[in-house]
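A.B. asks: Handing you this structure, nothing more for now.
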Ligand code: GAR
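Numbering (the working numbering), first residue to last: 195 to 406.
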């Protein structure tokens, strides 16, 4: 009998969400292909009753919810988040519409292997309302950014960006929907690369490939 070829285990992703979870869904769908090299091990949220959690449950993925109001201050919440995420042994943590800032306890454990996707071309329009702020400024091109989370607000090293046009008549919803479509492809492509390939982060630059 021949030897059974060994298969490298897919990287474990923990995905954190606060809303509809269309980016999470794109990762779940991509991970159905064994060649993708990653699978969603767990989904966490700061809110009960959101569609993102329902998507995870429909796919039999473990979920957890840690509302900030259940904790005695932000540091206690941050420490609990770090512990809960750690329990799922992630190789990479993906913030996909997670509307809370990672704090010091979380970054001490997962800094350098946590990415966030943001609906604007950073450093323009950081924060909670990227599409709204881009429209208000009158830009003609905006987009989405995948970056490595650091202690700032949307300030970490940039992994990838995708440009999206602002069209006449756009409102926040139509623009954000157009951004989300491109954002999902970008997220799937680059999370897959981070799962499958070695990378190093030097200052603000992420380089793929084995260190020489
Ligand atoms: C995404 O567009 C993501 O970039 C944004 O929330 C949306 C979540 O959509 N995140 C932020 O604005 C973070 N500052 P989804 O729940 O359908 O994936």
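Glycine is no exception: its CB is placed at the ideal position from the N, C-alpha and C atoms.
(1) Could you check the C-alpha separation between residue 308 and residue 233 for me, to the nearest Å?
(2) Using beta-carbon positions only, say whether residue 300 and residue 210 come within less than 7 Å of one another.
(3) Check for me: the beta strand (DSSP E) holding residue 312 runs from which residue to which?
(4) Residue 265 to residue 363, Cα distance in whole Å?
(5) Starting from the Cα of residue 278, find the closest Cα among 403, 294 and 256 and give me that residue.
(6) Residues bridged to residue 325 by DSSP?
(7) Cβ of residue 216 versus every heavy atom of ligand 1: is any distance shorter than 6 Å?
(8) Roughly how many angstroms separate the alpha carbons of residue 345 and residue 330, rounded to a whole number?
(9) Report yes if the C-beta of residue 206 is less than 6 Å from at least one heavy atom of ligand 1; otherwise report no.
(10) Can you find at least 3 beta carbon pairs, one from the region 348 to 355 and one from the region 267 to 285, that sit closer than 8 Å?
(11) Within 8 Å, do at least three Cβ pairs link the region 220 to 239 to the region 379 to 395?
(12) Report the option in 353, 403, 237 and 370 whose CA atom is closest to the CA atom of residue 253.
(13) Kindly provide the ranges of any alpha helix (DSSP H) runs that are 4 or more residues long and lie completely inside the region 242 to 277, ordered along the chain.
(14) Considering only their Cβ atoms, is the gap separating residue 358 from residue 372 smaller than 7 Å?
(15) Kindly indicate which residue of 374, 303, 206 and 251 has the alpha-carbon position closest to the one of residue 274.
(16) Put residue 395 into one of helix, strand or coil per three-state DSSP.
C.D. replies: The answer reads as follows:
(1) Answer to the nearest angstrom: the Cα atoms are 15 Å apart.
(2) no
(3) 308 to 312
(4) For the pair residue 265 and residue 363, the Cα-to-Cα distance works out to about 43 Å.
(5) 256
(6) Per the DSSP secondary-structure output, residue 325 pairs with nothing in a beta bridge.
(7) yes
(8) Distance from the CA atom of residue 345 to the CA atom of residue 330, rounded to whole angstroms, is 27 Å.
(9) no
(10) no
(11) yes
(12) 237
(13) 245 to 252
(14) The answer is yes: Cβ separation under 7 Å.
(15) 303
(16) Strand, per DSSP.
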